[in-house]
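In this note's numbering, the protein residues as written are 193 to 322.
Only one structure is covered here, and it is reproduced in the block below.
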């Protein structure tokens, strides 16, 4: 009887890789299983270090509700300050027409898509308001 020897290379070639629930990068060696909302998910070591458990849950729930993943629109030339300034300008214009609570959600979602954390959004808006 002939049996196929299964190696890690064989398995790696046939099985899909595990992706971080927040930023969608392939999780290599170091990862964590964390509670995200009512579910559990695997996150990469970068997201585990960067975000508190509350921030992880906020980002996960918002991206599940509205789509995308953390850092989806980020490019090597992305400037967080310019993006936050642009979001603040859009916020001021739209605040006259839209409910503020729904506008807050839209601004946060856009920031997450550009890879800007909740604390960076708050810090950037404080700087811009001074």
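Beta carbons: idealized from backbone N, C-alpha and C, even for Gly.
Leaving out five residues on either side along the sequence, give the residues of the same chain with a beta carbon under 7 Å from the beta carbon of residue i.
| i | result |
| --- | --- |
| residue 295 | 283, 286 and 287 |
| residue 212 | 219, 234, 235, 236 and 239 |
Just reading off the alpha helix (DSSP H) that residue i is part of, what are its end residues?
| i | result |
| --- | --- |
| residue 291 | Careful: residue 291 lies outside any alpha helix (DSSP H) and carries neither H nor E. |
| residue 248 | 245-258 |
| residue 216 | Neither: residue 216 is in no alpha helix (DSSP H) and is coded neither H nor E. |
So, using beta-carbon positions, are residue i and residue j closer together than 7 Å?
| i | j | result |
| --- | --- | --- |
| residue 266 | residue 307 | yes |
| residue 138 | residue 320 | With the chain represented from 193 up to 322, any question about residue 138 goes unanswered, as that position is not in the structure. |
| residue 216 | residue 261 | yes |
| residue 256 | residue 304 | no |
Starting from residue i and walking both ways along the beta strand (DSSP E), at which residues does that stretch end?
| i | result |
| --- | --- |
| residue 228 | 223-228 |
Under three-state DSSP, which class holds residue i?
| i | result |
| --- | --- |
| residue 236 | strand |
| residue 231 | strand |
| residue 380 | As displayed, the chain neither begins before 193 nor continues past 322, which places residue 380 out of reach and without an answer. |
| residue 311 | helix |
| residue 264 | coil |
| residue 278 | helix |
I'd like the list of long-range same chain contacts for residue i, defined as Cβ closer than 6 Å, with 5 residues on each side in sequence excluded.
| i | result |
| --- | --- |
| residue 263 | 215 and 307 |
| residue 316 | 276 |
| residue 224 | 235 and 240 |
Excluding the 5 residues preceding and the 5 following residue i in the sequence, name in chain order all residues of the same chain whose CB lies nearer than 8 Å to its CB.
| i | result |
| --- | --- |
| residue 270 | 306 and 307 |
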